[in-house]
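Visitor: Using our numbering, the first residue of the sequence shown is number 201, and each one after it goes up by one. Glycine is no exception: its CB is placed at the ideal position from the N, C-alpha and C atoms.
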Amino acid sequence: MTSSLCPFVAGTHAVGRIHDRLRQDTGVHRDELPNGSPVWIIGGYEAVTKLLADHRMSAAKSDSTTNFRGQNIPRALDMNLLNIDGEQHRRVRRLATKPSLPSITLRTSAS
């Protein structure tokens, strides 16, 4: 099954149009990635915000109910903020953002 809303299988020039449509579309669509893994496409700001705040939602592949294990990339590259949840996500985010905050503040105040 291929949806016209799946940016992962679209041609390069179609991605912008797909993202524009997803911003307007508040629906939920089931689709497949090129490797056959199932994926859900969620459109609309409110629906996406609600989904991301839902504790039942997980970005961790270890929580997959479809045995999705991601791409064949080294574990160190795969363990990023997009693929971890909960307290581990917050801990890594704090570590990653803390060093950059002073430079952002200095650049902003110098402008």
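Thinking C-alpha only, which one of Glu232, Ala253, Ala247 is nearest tryptophan 240?
Guide: Glu232
Visitor: Can you grab the Cα-Cα spacing for the pair cysteine 206 / serine 262, in whole Å?
Guide: 23 Å
Visitor: Write down every uninterrupted run of the alpha helix (DSSP H) in the region 218-305 whose length is 4 residues or greater and which is fully enclosed by it, in chain order.
Guide: Considered as a whole, the region 218-305 harbours 245-253, 275-278, 286-297 as its complete alpha helix (DSSP H) runs of no fewer than 4 residues, in chain order.
Visitor: In whole angstroms, give me the CA-to-CA distance for lysine 250 and proline 274.
Guide: 31 Å
Visitor: Starting from the Cα of alanine 259, find the closest Cα among Asn280, Asp220, Val292, Tyr245 and give me that residue.
Guide: Asn280
Visitor: Glycine 286: which of Arg256, Thr297, Ala276, Ala296 sits nearest, CA to CA?
Guide: When the alpha-carbon of glycine 286 is set against those of Arg256, Thr297, Ala276, Ala296, the nearest one is in Arg256.
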